[in-house]
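First the structure, in the form of C-alpha coordinates, and then the observations on it.
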Amino acid sequence: MLARRCLSFSRPAHARSLSTRASAILSALDIPIDKELAGVYHGEWTGSGDLLESKCPTTGEVLARVRSASPEELHAALHKSREAYQVFRSIPAPKRGEILRQIRVALASKRDELGALVSLEMGKIRTEGVGEVQEFVDIADYAVGLSRMMNGRLVASERPGHSILEVPNPLGVVAVLSAFNFPVAVYGWNLALSLAAGNATLWKPSPSTPLCGIAVTKIVSGVLERNGVPGAVAGLVTGDKDVGAGIVESQDVDMVSFTGSEAVGRHVGKVVQSRFGKVLLELGGNNAVIVMPDADLSLAVPAVFFGAVGTAGQRCTSTRRLFLHRAIAPEFLSRLRALYASLLPGDPLAPSTLLGPLHTRAAVGVYSDAVARLQTVGAEILTGGARYDGAALGSPLDGGNFVQPTIAVPPTVDMGDAVWRTETFAPVLCVGVFDALEEAIAWNNGVPQGLSSSLWTRDLRNVGKWIGPAGSDAGIVNVNVGTSGAEIGAAFGGNKTTGWGRESGGDAWKQYVRWSACTINFSDEAPLAQGVQFPSESTA
1 MLARRCLSFS RPAHARSLST RASAILSALD IPIDKELAGV YHGEWTGSGD
51 LLESKCPTTG EVLARVRSAS PEELHAALHK SREAYQVFRS IPAPKRGEIL
101 RQIRVALASK RDELGALVSL EMGKIRTEGV GEVQEFVDIA DYAVGLSRMM
151 NGRLVASERP GHSILEVPNP LGVVAVLSAF NFPVAVYGWN LALSLAAGNA
201 TLWKPSPSTP LCGIAVTKIV SGVLERNGVP GAVAGLVTGD KDVGAGIVES
251 QDVDMVSFTG SEAVGRHVGK VVQSRFGKVL LELGGNNAVI VMPDADLSLA
301 VPAVFFGAVG TAGQRCTSTR RLFLHRAIAP EFLSRLRALY ASLLPGDPLA
351 PSTLLGPLHT RAAVGVYSDA VARLQTVGAE ILTGGARYDG AALGSPLDGG
401 NFVQPTIAVP PTVDMGDAVW RTETFAPVLC VGVFDALEEA IAWNNGVPQG
451 LSSSLWTRDL RNVGKWIGPA GSDAGIVNVN VGTSGAEIGA AFGGNKTTGW
501 GRESGGDAWK QYVRWSACTI NFSDEAPLAQ GVQFPSESTA
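Position 276 of the sequence shown, counting from 1, maps to 276 under full-length UniProt numbering, and the rest follow consecutively.
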(Lines of atoms letter the chains of each structure in order from A; the text may use other names.)
(Lines give C-alpha, C1' and ligand atoms only; values in the text may rest on other atoms or scores of the structure.)
Protein backbone atom coordinates (compact mmCIF):
# COMPACT_ATOMS: atom_id res chain seq x y z
CA MET A 1 0.00 0.00 0.00
CA LEU A 2 2.73 2.46 0.93
CA ALA A 3 4.42 2.08 -2.45
CA ARG A 4 1.25 3.19 -4.18
CA ARG A 5 0.61 6.29 -2.13
CA CYS A 6 0.70 9.49 -4.10
CA LEU A 7 3.30 12.18 -3.70
CA SER A 8 0.82 14.88 -2.76
CA PHE A 9 1.63 17.07 0.21
CA SER A 10 -0.51 17.70 3.27
CA ARG A 11 0.15 20.19 6.06
CA PRO A 12 -0.12 18.79 9.59
CA ALA A 13 -0.56 20.98 12.62
CA HIS A 14 3.16 21.67 13.03
CA ALA A 15 4.88 24.25 10.84
CA ARG A 16 6.89 21.80 8.72
CA SER A 17 5.03 20.21 5.80
CA LEU A 18 5.50 16.49 5.23
CA SER A 19 4.32 14.43 2.28
CA THR A 20 1.52 11.97 2.91
CA ARG A 21 3.70 9.06 1.87
CA ALA A 22 6.45 10.06 4.32
CA SER A 23 3.94 10.54 7.13
CA ALA A 24 2.48 7.10 6.54
CA ILE A 25 5.87 5.36 6.55
CA LEU A 26 7.08 7.06 9.72
CA SER A 27 3.79 6.51 11.54
CA ALA A 28 3.85 2.80 10.67
CA LEU A 29 7.14 2.55 12.58
CA ASP A 30 5.96 4.61 15.57
CA ILE A 31 8.22 7.53 14.67
CA PRO A 32 6.56 10.84 15.65
CA ILE A 33 6.16 13.33 12.80
CA ASP A 34 5.29 16.41 14.84
CA LYS A 35 8.36 16.93 17.05
CA GLU A 36 12.12 16.67 17.26
CA LEU A 37 13.31 13.13 17.81
CA ALA A 38 15.70 11.86 20.47
CA GLY A 39 18.74 10.34 18.79
CA VAL A 40 20.40 8.58 21.74
CA TYR A 41 19.38 5.30 23.36
CA HIS A 42 21.09 3.45 26.21
CA GLY A 43 18.08 2.03 28.02
CA GLU A 44 16.24 5.33 27.78
CA TRP A 45 15.82 7.82 24.96
CA THR A 46 17.58 11.17 25.15
CA GLY A 47 19.40 13.67 22.96
CA SER A 48 20.45 17.27 23.49
CA GLY A 49 23.31 17.68 21.03
CA ASP A 50 23.44 19.13 17.53
CA LEU A 51 20.35 18.93 15.35
CA LEU A 52 20.46 16.48 12.43
CA GLU A 53 18.11 16.79 9.47
CA SER A 54 16.97 13.69 7.63
CA LYS A 55 16.26 14.64 4.03
CA CYS A 56 14.47 12.57 1.42
CA PRO A 57 16.83 12.24 -1.58
CA THR A 58 13.86 11.71 -3.89
CA THR A 59 12.12 15.03 -3.21
CA GLY A 60 14.47 17.05 -1.03
CA GLU A 61 11.90 17.37 1.76
CA VAL A 62 13.00 17.31 5.38
CA LEU A 63 11.64 14.10 6.89
CA ALA A 64 12.56 14.74 10.51
CA ARG A 65 14.92 16.55 12.83
CA VAL A 66 16.91 14.52 15.32
CA ARG A 67 18.78 15.63 18.43
CA SER A 68 22.15 13.91 18.38
CA ALA A 69 24.42 12.96 21.27
CA SER A 70 26.10 15.69 23.27
CA PRO A 71 29.61 14.90 24.60
CA GLU A 72 28.08 14.12 27.99
CA GLU A 73 25.46 11.83 26.46
CA LEU A 74 28.09 10.01 24.44
CA HIS A 75 30.11 9.44 27.61
CA ALA A 76 26.99 8.14 29.36
CA ALA A 77 26.17 5.82 26.45
CA LEU A 78 29.69 4.37 26.48
CA HIS A 79 29.50 3.85 30.25
CA LYS A 80 26.08 2.21 29.99
CA SER A 81 27.35 -0.07 27.22
CA ARG A 82 30.18 -1.27 29.45
CA GLU A 83 27.77 -1.93 32.32
CA ALA A 84 25.37 -3.78 30.01
CA TYR A 85 28.18 -5.96 28.67
CA GLN A 86 29.07 -7.08 32.18
CA VAL A 87 25.50 -8.37 32.58
CA PHE A 88 24.99 -9.79 29.10
CA ARG A 89 28.25 -11.77 28.92
CA SER A 90 27.04 -14.06 31.72
CA ILE A 91 23.86 -15.08 29.90
CA PRO A 92 24.40 -18.54 28.34
CA ALA A 93 24.97 -18.36 24.59
CA PRO A 94 21.85 -20.42 23.70
CA LYS A 95 19.77 -18.00 25.79
CA ARG A 96 21.31 -15.14 23.82
CA GLY A 97 20.31 -17.07 20.71
CA GLU A 98 16.71 -17.12 21.89
CA ILE A 99 16.80 -13.33 22.23
CA LEU A 100 18.15 -13.14 18.68
CA ARG A 101 15.30 -15.37 17.51
CA GLN A 102 12.83 -12.93 18.99
CA ILE A 103 14.63 -10.01 17.34
CA ARG A 104 14.36 -11.87 14.04
CA VAL A 105 10.60 -12.30 14.51
CA ALA A 106 10.15 -8.64 15.45
CA LEU A 107 12.13 -7.46 12.42
CA ALA A 108 10.27 -9.76 10.05
CA SER A 109 6.94 -8.40 11.29
CA LYS A 110 8.07 -4.90 10.24
CA ARG A 111 10.10 -5.88 7.17
CA ASP A 112 7.99 -4.06 4.59
CA GLU A 113 7.65 -0.93 6.73
CA LEU A 114 11.41 -0.79 7.40
CA GLY A 115 12.09 -1.44 3.72
CA ALA A 116 9.90 1.52 2.83
CA LEU A 117 11.81 3.70 5.31
CA VAL A 118 15.12 2.67 3.72
CA SER A 119 13.74 3.73 0.34
CA LEU A 120 12.41 6.98 1.75
CA GLU A 121 15.51 8.05 3.66
CA MET A 122 18.35 6.46 1.66
CA GLY A 123 16.83 6.47 -1.83
CA LYS A 124 17.21 2.88 -3.04
CA ILE A 125 14.23 1.30 -4.76
CA ARG A 126 11.58 -0.47 -2.69
CA THR A 127 12.58 -4.04 -3.53
CA GLU A 128 16.17 -3.31 -2.53
CA GLY A 129 15.04 -1.64 0.69
CA VAL A 130 12.97 -4.67 1.66
CA GLY A 131 15.83 -6.95 0.61
CA GLU A 132 18.18 -5.07 2.91
CA VAL A 133 15.91 -5.65 5.89
CA GLN A 134 15.65 -9.30 4.85
CA GLU A 135 19.45 -9.49 5.19
CA PHE A 136 19.08 -8.49 8.84
CA VAL A 137 16.40 -11.14 9.29
CA ASP A 138 18.61 -13.75 7.63
CA ILE A 139 21.73 -12.96 9.67
CA ALA A 140 19.65 -13.09 12.85
CA ASP A 141 18.54 -16.58 11.79
CA TYR A 142 22.16 -17.49 11.18
CA ALA A 143 23.25 -16.14 14.56
CA VAL A 144 20.58 -18.13 16.40
CA GLY A 145 22.24 -21.34 15.23
CA LEU A 146 25.68 -19.87 15.75
CA SER A 147 24.91 -19.26 19.42
CA ARG A 148 25.12 -23.04 19.94
CA MET A 149 28.13 -23.52 17.67
CA MET A 150 30.71 -20.86 18.62
CA ASN A 151 33.19 -23.58 19.35
CA GLY A 152 36.78 -23.43 20.45
CA ARG A 153 39.31 -26.18 19.77
CA LEU A 154 40.98 -29.03 21.61
CA VAL A 155 44.66 -29.17 20.70
CA ALA A 156 46.87 -32.19 21.36
CA SER A 157 49.64 -31.56 23.89
CA GLU A 158 53.14 -33.00 23.67
CA ARG A 159 53.15 -33.40 27.47
CA PRO A 160 51.52 -36.45 29.09
CA GLY A 161 48.43 -35.66 31.14
CA HIS A 162 47.94 -32.27 29.52
CA SER A 163 45.31 -30.80 27.19
CA ILE A 164 45.28 -27.49 25.35
CA LEU A 165 42.07 -25.61 24.70
CA GLU A 166 41.43 -22.58 22.51
CA VAL A 167 38.49 -20.86 24.16
CA PRO A 168 36.31 -18.02 22.78
CA ASN A 169 34.80 -15.62 25.32
CA PRO A 170 32.83 -12.39 24.89
CA LEU A 171 34.99 -9.50 23.73
CA GLY A 172 33.36 -6.46 25.34
CA VAL A 173 31.80 -3.39 23.71
CA VAL A 174 31.58 -3.38 19.91
CA ALA A 175 30.97 -0.02 18.22
CA VAL A 176 29.36 -0.10 14.78
CA LEU A 177 29.85 2.97 12.58
CA SER A 178 27.72 2.28 9.51
CA ALA A 179 27.37 4.07 6.18
CA PHE A 180 24.33 5.62 4.49
CA ASN A 181 24.08 3.14 1.62
CA PHE A 182 23.08 0.17 3.78
CA PRO A 183 21.52 1.89 6.79
CA VAL A 184 20.02 -1.33 8.20
CA ALA A 185 21.87 -4.41 6.93
CA VAL A 186 25.43 -3.51 7.95
CA TYR A 187 24.31 -2.91 11.52
CA GLY A 188 22.42 -6.19 11.37
CA TRP A 189 25.51 -8.14 10.30
CA ASN A 190 27.43 -6.74 13.26
CA LEU A 191 24.69 -6.79 15.88
CA ALA A 192 23.68 -10.41 15.28
CA LEU A 193 27.21 -11.78 15.61
CA SER A 194 28.06 -9.44 18.48
CA LEU A 195 25.00 -10.45 20.52
CA ALA A 196 25.58 -14.14 19.84
CA ALA A 197 29.13 -13.67 21.14
CA GLY A 198 27.90 -11.99 24.33
CA ASN A 199 28.93 -8.40 23.64
CA ALA A 200 27.22 -5.04 24.03
CA THR A 201 26.92 -3.04 20.81
CA LEU A 202 26.84 0.72 20.36
CA TRP A 203 25.63 1.91 16.96
CA LYS A 204 26.38 5.20 15.29
CA PRO A 205 24.49 5.31 11.98
CA SER A 206 25.33 7.73 9.20
CA PRO A 207 24.26 11.27 10.13
CA SER A 208 22.14 11.34 6.97
CA THR A 209 20.11 8.21 7.87
CA PRO A 210 19.23 8.66 11.56
CA LEU A 211 15.61 7.53 11.11
CA CYS A 212 16.65 4.03 10.07
CA GLY A 213 18.79 3.86 13.20
CA ILE A 214 15.96 5.02 15.43
CA ALA A 215 13.39 2.67 13.87
CA VAL A 216 15.60 -0.42 14.13
CA THR A 217 16.65 0.41 17.69
CA LYS A 218 13.01 0.77 18.75
CA ILE A 219 12.33 -2.75 17.47
CA VAL A 220 15.43 -4.32 19.02
CA SER A 221 15.06 -2.51 22.35
CA GLY A 222 11.52 -3.78 22.71
CA VAL A 223 12.77 -7.36 22.55
CA LEU A 224 15.56 -6.67 25.05
CA GLU A 225 13.12 -5.04 27.47
CA ARG A 226 10.72 -7.99 27.32
CA ASN A 227 13.62 -10.29 28.21
CA GLY A 228 14.89 -8.17 31.10
CA VAL A 229 18.12 -7.33 29.28
CA PRO A 230 19.68 -3.86 29.65
CA GLY A 231 18.80 -1.67 26.69
CA ALA A 232 22.41 -0.54 26.35
CA VAL A 233 23.25 -4.02 25.04
CA ALA A 234 22.09 -2.50 21.73
CA GLY A 235 22.65 1.23 22.21
CA LEU A 236 22.37 4.06 19.69
CA VAL A 237 24.13 7.41 19.34
CA THR A 238 23.41 9.65 16.37
CA GLY A 239 25.72 12.47 15.43
CA ASP A 240 28.38 13.80 13.11
CA LYS A 241 32.12 13.15 12.89
CA ASP A 242 32.75 14.49 16.40
CA VAL A 243 30.56 11.76 17.87
CA GLY A 244 32.31 9.21 15.68
CA ALA A 245 35.71 10.44 16.82
CA GLY A 246 34.66 10.14 20.46
CA ILE A 247 33.68 6.51 19.91
CA VAL A 248 36.82 5.60 17.98
CA GLU A 249 39.09 7.12 20.62
CA SER A 250 37.30 5.62 23.63
CA GLN A 251 39.04 2.99 25.74
CA ASP A 252 35.54 1.73 26.62
CA VAL A 253 35.21 0.35 23.08
CA ASP A 254 36.97 -2.97 22.51
CA MET A 255 36.29 -3.20 18.78
CA VAL A 256 35.27 -0.66 16.15
CA SER A 257 33.51 -1.90 13.03
CA PHE A 258 33.65 0.91 10.48
CA THR A 259 32.06 1.01 7.04
CA GLY A 260 32.86 4.00 4.85
CA SER A 261 35.46 5.69 2.70
CA GLU A 262 39.09 4.66 2.42
CA ALA A 263 40.27 8.05 3.69
CA VAL A 264 38.20 7.97 6.87
CA GLY A 265 38.84 4.26 7.35
CA ARG A 266 42.58 4.81 7.24
CA HIS A 267 42.24 7.36 10.05
CA VAL A 268 39.94 5.12 12.09
CA GLY A 269 42.35 2.22 11.76
CA LYS A 270 45.29 4.29 12.97
CA VAL A 271 43.43 5.71 15.96
CA VAL A 272 42.06 2.37 17.13
CA GLN A 273 45.41 0.65 16.65
CA SER A 274 47.18 3.41 18.58
CA ARG A 275 45.18 2.41 21.67
CA PHE A 276 45.51 -1.34 20.84
CA GLY A 277 41.83 -1.85 20.15
CA LYS A 278 40.44 -4.18 17.51
CA VAL A 279 39.21 -2.73 14.22
CA LEU A 280 37.11 -4.16 11.41
CA LEU A 281 37.19 -2.07 8.22
CA GLU A 282 34.84 -2.27 5.21
CA LEU A 283 36.02 0.46 2.85
CA GLY A 284 36.10 1.25 -0.87
CA GLY A 285 35.22 -1.11 -3.69
CA ASN A 286 36.38 -0.44 -7.26
CA ASN A 287 34.82 -3.60 -8.59
CA ALA A 288 35.44 -5.15 -12.00
CA VAL A 289 33.63 -7.59 -14.28
CA ILE A 290 35.52 -9.58 -16.93
CA VAL A 291 33.53 -11.08 -19.80
CA MET A 292 35.12 -13.83 -21.90
CA PRO A 293 34.05 -14.66 -25.48
CA ASP A 294 32.40 -17.92 -24.35
CA ALA A 295 30.20 -16.19 -21.76
CA ASP A 296 26.42 -16.45 -21.87
CA LEU A 297 25.59 -12.84 -22.73
CA SER A 298 21.91 -13.32 -21.95
CA LEU A 299 22.99 -13.69 -18.32
CA ALA A 300 26.06 -11.46 -18.25
CA VAL A 301 24.51 -8.31 -19.72
CA PRO A 302 21.63 -8.03 -17.20
CA ALA A 303 24.04 -8.82 -14.35
CA VAL A 304 26.35 -5.98 -15.36
CA PHE A 305 23.33 -3.71 -15.80
CA PHE A 306 22.12 -4.34 -12.25
CA GLY A 307 25.64 -4.22 -10.84
CA ALA A 308 26.30 -0.81 -12.37
CA VAL A 309 22.95 0.96 -11.86
CA GLY A 310 21.39 -0.88 -8.90
CA THR A 311 21.09 1.46 -5.89
CA ALA A 312 22.14 4.17 -8.39
CA GLY A 313 25.69 2.84 -8.21
CA GLN A 314 25.89 3.36 -4.44
CA ARG A 315 26.66 -0.16 -3.29
CA CYS A 316 30.18 -0.86 -2.11
CA THR A 317 29.98 -3.83 -4.50
CA SER A 318 28.62 -1.84 -7.47
CA THR A 319 30.28 -2.59 -10.80
CA ARG A 320 32.65 0.29 -11.64
CA ARG A 321 34.89 -1.30 -14.29
CA LEU A 322 33.92 -3.56 -17.19
CA PHE A 323 36.53 -5.49 -19.19
CA LEU A 324 35.22 -7.05 -22.40
CA HIS A 325 37.00 -9.50 -24.68
CA ARG A 326 37.48 -7.92 -28.07
CA ALA A 327 35.46 -10.65 -29.80
CA ILE A 328 32.24 -9.81 -27.96
CA ALA A 329 32.70 -6.15 -27.00
CA PRO A 330 30.51 -4.59 -29.75
CA GLU A 331 27.58 -6.95 -29.18
CA PHE A 332 27.82 -6.69 -25.40
CA LEU A 333 27.85 -2.89 -25.43
CA SER A 334 24.96 -2.79 -27.89
CA ARG A 335 22.83 -4.91 -25.58
CA LEU A 336 23.92 -3.00 -22.49
CA ARG A 337 23.15 0.38 -24.05
CA ALA A 338 19.67 -0.85 -24.94
CA LEU A 339 19.02 -1.67 -21.29
CA TYR A 340 20.35 1.72 -20.20
CA ALA A 341 18.06 3.41 -22.74
CA SER A 342 15.04 1.71 -21.16
CA LEU A 343 15.89 3.05 -17.71
CA LEU A 344 13.74 5.84 -16.29
CA PRO A 345 14.20 7.53 -12.91
CA GLY A 346 11.33 7.72 -10.50
CA ASP A 347 10.02 7.51 -6.97
CA PRO A 348 11.88 4.54 -5.42
CA LEU A 349 8.71 3.58 -3.54
CA ALA A 350 6.82 2.99 -6.79
CA PRO A 351 6.90 -0.69 -7.85
CA SER A 352 7.85 0.12 -11.45
CA THR A 353 10.89 2.26 -10.58
CA LEU A 354 14.34 0.76 -11.23
CA LEU A 355 16.45 3.88 -10.73
CA GLY A 356 16.25 6.05 -7.65
CA PRO A 357 18.26 9.14 -6.72
CA LEU A 358 21.73 9.61 -5.36
CA HIS A 359 21.66 10.04 -1.60
CA THR A 360 22.78 13.68 -1.32
CA ARG A 361 23.49 16.77 -3.38
CA ALA A 362 27.17 16.28 -2.55
CA ALA A 363 27.01 12.88 -4.27
CA VAL A 364 25.67 14.59 -7.38
CA GLY A 365 28.76 16.77 -7.31
CA VAL A 366 30.99 13.69 -7.08
CA TYR A 367 29.19 12.22 -10.09
CA SER A 368 29.59 15.43 -12.11
CA ASP A 369 33.29 15.66 -11.24
CA ALA A 370 33.85 12.07 -12.35
CA VAL A 371 32.15 12.69 -15.70
CA ALA A 372 34.17 15.88 -16.19
CA ARG A 373 37.37 13.96 -15.45
CA LEU A 374 36.44 11.36 -18.07
CA GLN A 375 35.71 14.05 -20.63
CA THR A 376 39.03 15.74 -19.88
CA VAL A 377 41.00 12.58 -20.73
CA GLY A 378 39.01 12.13 -23.96
CA ALA A 379 36.72 9.27 -22.93
CA GLU A 380 33.81 8.41 -25.19
CA ILE A 381 30.55 8.84 -23.27
CA LEU A 382 28.22 6.15 -24.62
CA THR A 383 25.25 6.96 -22.37
CA GLY A 384 24.38 9.49 -19.69
CA GLY A 385 26.90 12.02 -18.48
CA ALA A 386 24.52 14.56 -16.92
CA ARG A 387 21.79 15.13 -14.35
CA TYR A 388 18.22 14.45 -15.33
CA ASP A 389 16.25 17.56 -16.21
CA GLY A 390 14.22 18.52 -13.16
CA ALA A 391 11.46 20.09 -15.20
CA ALA A 392 11.02 16.86 -17.14
CA LEU A 393 10.80 14.85 -13.94
CA GLY A 394 8.06 17.09 -12.57
CA SER A 395 7.17 17.98 -9.01
CA PRO A 396 8.13 16.82 -6.43
CA LEU A 397 10.85 14.69 -8.07
CA ASP A 398 12.46 17.87 -9.41
CA GLY A 399 13.82 18.36 -5.89
CA GLY A 400 15.60 14.99 -5.97
CA ASN A 401 19.19 13.98 -6.71
CA PHE A 402 18.69 12.14 -9.99
CA VAL A 403 21.60 11.53 -12.39
CA GLN A 404 21.88 9.64 -15.65
CA PRO A 405 23.73 6.31 -15.40
CA THR A 406 26.86 6.66 -17.51
CA ILE A 407 28.92 4.29 -19.65
CA ALA A 408 32.32 5.66 -20.64
CA VAL A 409 35.18 4.26 -22.73
CA PRO A 410 38.46 5.96 -21.74
CA PRO A 411 41.05 6.21 -24.55
CA THR A 412 43.53 4.01 -22.66
CA VAL A 413 43.29 1.28 -20.06
CA ASP A 414 45.78 2.38 -17.42
CA MET A 415 45.08 1.41 -13.82
CA GLY A 416 47.44 4.17 -12.72
CA ASP A 417 45.03 6.77 -14.12
CA ALA A 418 42.57 8.35 -11.70
CA VAL A 419 39.59 7.53 -13.93
CA TRP A 420 40.29 3.84 -13.36
CA ARG A 421 41.75 3.65 -9.85
CA THR A 422 39.36 6.05 -8.07
CA GLU A 423 36.08 4.70 -6.74
CA THR A 424 33.17 6.92 -7.79
CA PHE A 425 30.12 6.28 -5.61
CA ALA A 426 27.67 6.88 -8.44
CA PRO A 427 26.43 5.04 -11.56
CA VAL A 428 29.55 5.54 -13.70
CA LEU A 429 30.89 2.50 -15.57
CA CYS A 430 34.28 2.55 -17.34
CA VAL A 431 34.85 0.04 -20.15
CA GLY A 432 38.09 -1.48 -21.44
CA VAL A 433 38.74 -4.10 -24.14
CA PHE A 434 41.24 -6.95 -23.74
CA ASP A 435 42.63 -9.83 -25.79
CA ALA A 436 43.79 -12.32 -23.14
CA LEU A 437 42.42 -13.28 -19.72
CA GLU A 438 45.78 -12.66 -18.06
CA GLU A 439 45.66 -9.06 -19.27
CA ALA A 440 42.19 -8.56 -17.79
CA ILE A 441 43.18 -10.15 -14.48
CA ALA A 442 46.13 -7.75 -14.24
CA TRP A 443 43.70 -4.85 -14.78
CA ASN A 444 41.32 -6.25 -12.17
CA ASN A 445 44.16 -6.41 -9.64
CA GLY A 446 45.81 -3.15 -10.67
CA VAL A 447 43.84 -0.83 -8.38
CA PRO A 448 44.31 -0.23 -4.63
CA GLN A 449 40.88 -1.61 -3.70
CA GLY A 450 40.00 -5.29 -3.53
CA LEU A 451 36.37 -5.91 -2.65
CA SER A 452 34.37 -7.69 -5.36
CA SER A 453 35.14 -9.12 -8.79
CA SER A 454 33.39 -11.26 -11.37
CA LEU A 455 34.35 -13.44 -14.34
CA TRP A 456 31.85 -14.57 -16.95
CA THR A 457 32.93 -17.74 -18.76
CA ARG A 458 31.92 -21.34 -19.45
CA ASP A 459 35.51 -22.60 -19.70
CA LEU A 460 36.65 -24.43 -16.57
CA ARG A 461 40.27 -23.53 -17.31
CA ASN A 462 39.42 -19.85 -17.05
CA VAL A 463 37.67 -20.48 -13.73
CA GLY A 464 40.77 -22.19 -12.36
CA LYS A 465 42.96 -19.24 -13.29
CA TRP A 466 40.48 -16.74 -11.87
CA ILE A 467 40.03 -18.26 -8.41
CA GLY A 468 43.62 -19.49 -8.05
CA PRO A 469 46.82 -17.88 -6.71
CA ALA A 470 47.40 -15.86 -9.89
CA GLY A 471 43.76 -14.83 -10.18
CA SER A 472 41.65 -12.09 -8.64
CA ASP A 473 43.06 -10.59 -5.44
CA ALA A 474 39.65 -9.36 -4.24
CA GLY A 475 37.83 -10.62 -1.17
CA ILE A 476 34.85 -11.66 -3.31
CA VAL A 477 35.74 -13.65 -6.44
CA ASN A 478 32.60 -14.59 -8.38
CA VAL A 479 32.07 -16.71 -11.48
CA ASN A 480 28.98 -16.14 -13.64
CA VAL A 481 27.55 -13.95 -10.87
CA GLY A 482 27.64 -10.16 -10.73
CA THR A 483 29.74 -8.15 -8.31
CA SER A 484 26.84 -7.12 -6.05
CA GLY A 485 24.17 -8.97 -4.11
CA ALA A 486 26.17 -11.19 -1.73
CA GLU A 487 24.42 -13.72 0.51
CA ILE A 488 24.86 -13.76 4.29
CA GLY A 489 26.29 -17.29 4.59
CA ALA A 490 29.80 -16.41 3.44
CA ALA A 491 32.13 -13.90 5.04
CA PHE A 492 31.74 -10.50 3.38
CA GLY A 493 34.68 -8.15 2.95
CA GLY A 494 37.61 -7.05 0.87
CA ASN A 495 41.38 -6.96 0.72
CA LYS A 496 44.01 -4.26 0.22
CA THR A 497 42.65 -0.74 0.83
CA THR A 498 39.16 -2.18 1.25
CA GLY A 499 40.46 -2.94 4.73
CA TRP A 500 40.71 -6.76 5.11
CA GLY A 501 37.63 -6.84 7.36
CA ARG A 502 35.10 -9.66 7.26
CA GLU A 503 31.46 -9.47 8.35
CA SER A 504 28.37 -11.66 8.19
CA GLY A 505 28.94 -15.41 7.65
CA GLY A 506 31.86 -17.81 7.45
CA ASP A 507 34.43 -17.29 10.19
CA ALA A 508 33.54 -13.61 10.66
CA TRP A 509 32.18 -14.36 14.16
CA LYS A 510 35.70 -15.10 15.38
CA GLN A 511 36.49 -11.38 15.32
CA TYR A 512 33.79 -10.66 17.90
CA VAL A 513 35.27 -12.82 20.66
CA ARG A 514 38.31 -12.79 22.93
CA TRP A 515 40.46 -15.86 22.35
CA SER A 516 42.41 -17.62 25.09
CA ALA A 517 44.81 -20.56 24.84
CA CYS A 518 44.34 -22.68 27.98
CA THR A 519 46.77 -25.47 28.88
CA ILE A 520 45.39 -27.80 31.57
CA ASN A 521 47.55 -30.22 33.54
CA PHE A 522 45.56 -33.11 35.03
CA SER A 523 48.58 -35.29 35.84
CA ASP A 524 50.83 -35.70 38.88
CA GLU A 525 53.84 -34.27 37.04
CA ALA A 526 54.69 -30.77 35.80
CA PRO A 527 56.98 -31.22 32.77
CA LEU A 528 58.06 -28.24 30.67
CA ALA A 529 57.40 -28.01 26.94
CA GLN A 530 60.06 -28.64 24.29
CA GLY A 531 61.89 -30.97 26.67
CA VAL A 532 63.33 -28.09 28.70
CA GLN A 533 64.94 -29.31 31.95
CA PHE A 534 64.99 -27.08 35.01
CA PRO A 535 65.70 -28.04 38.64
CA SER A 536 62.58 -28.93 40.59
CA GLU A 537 61.99 -28.40 44.28
CA SER A 538 62.94 -32.04 45.00
CA THR A 539 66.33 -31.73 43.23
CA ALA A 540 67.30 -28.22 44.31
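C-beta: ideal position from N, C-alpha, C; glycine also. Since we're looking at a predicted model, the values are computed, not measured.
In the structure shown, residue 496 falls within a strand segment according to DSSP collapsed to helix, strand and coil. When beta bridges are read from the DSSP output, residue 449 appears opposite 496. Within the same chain, Cβ atoms closer than 8 Å to the Cβ of residue 331 are found at 297, the five residues on either side in sequence being excluded. Three or more Cβ pairs drawn from the segment 189-206 and the segment 502-519 lie within less than 8 Å of each other, which places the two stretches in contact.
Looking from the CA of residue 174, the closest CA among 150, 81, 275 belongs to 81. Here DSSP, grouped into helix, strand and coil, assigns residue 51 to strand. Assigned with DSSP and collapsed to three states, residue 94 falls in helix. The segment 221-234 and the segment 141-152 do not touch, with fewer than 3 CB-CB distances between them shorter than 8 Å.
Remark: C-beta atoms of residue 179 and residue 260 approach each other more closely than 7 Å.
Within the segment 344-385, the runs of alpha helix (DSSP H) at least 4 residues long that lie entirely inside it are, in chain order, 361-376.
Counting along the chain, the unbroken alpha helix (DSSP H) around residue 305 starts and ends at 297-309. Beta-bridge annotation (DSSP): residue 41 is paired with 45, 236. Rounded to the nearest angstrom, the gap between the Cα atoms of residue 514 and residue 198 is 11 Å. Looking at the backbone, the Cα of residue 436 and that of residue 463 are separated by about 14 Å. When secondary structure is reduced to three states using DSSP, residue 428 falls in the strand class.
Going by beta carbons, residue 237 and residue 216 fall outside the 7 Å limit.
Nearest to residue 139 by alpha-carbon distance, out of 533, 448, 508, 278, is 508. Bounds of the beta strand (DSSP E) holding residue 204 are 200-204. By the 16-neighbour rule on beta-carbons within 10 angstroms, residue 212 is buried. Residue 477 is bridged by DSSP to 453. In the three-state DSSP reduction, residue 287 falls in the strand class (E or B). Put simply, of 426, 471, 457 the residue whose alpha carbon is nearest the alpha carbon of residue 446 is 471.
Under the criterion of beta carbons closer than 8 Å, residue 209 and residue 292 do not qualify as touching, at roughly 39 Å.
Residue 523 is classed as exposed because its beta carbon has fewer than 16 other beta carbons within 10 Å across all chains shown. With contacts defined as CB atoms closer than 7 Å, residue 409 and residue 374 fail to qualify as a contacting pair.
Residue 193 and residue 144 have their C-alpha atoms some 9 Å from each other. Taking 7 Å as the cut-off, the beta carbon of residue 265 is found closer than this to the beta carbon of residue 499. Judged by beta-carbon spacing, residue 89 lies beyond the 7 Å limit of residue 168, meaning their Cβ atoms are not closer than that value.
For residue 243, the CB contacts under 8 Å within the same chain, skipping 5 residues up- and downstream, are 49, 68, 69, 74, 204, 237 in chain order.
Beta-bridge partners assigned by DSSP to residue 169: 514. The beta-carbon distance between residue 99 and residue 177, rounded to whole angstroms, is 24 Å. This is too long to meet the 8 Å contact definition. According to DSSP, residue 243 shares a beta bridge with no other residue.
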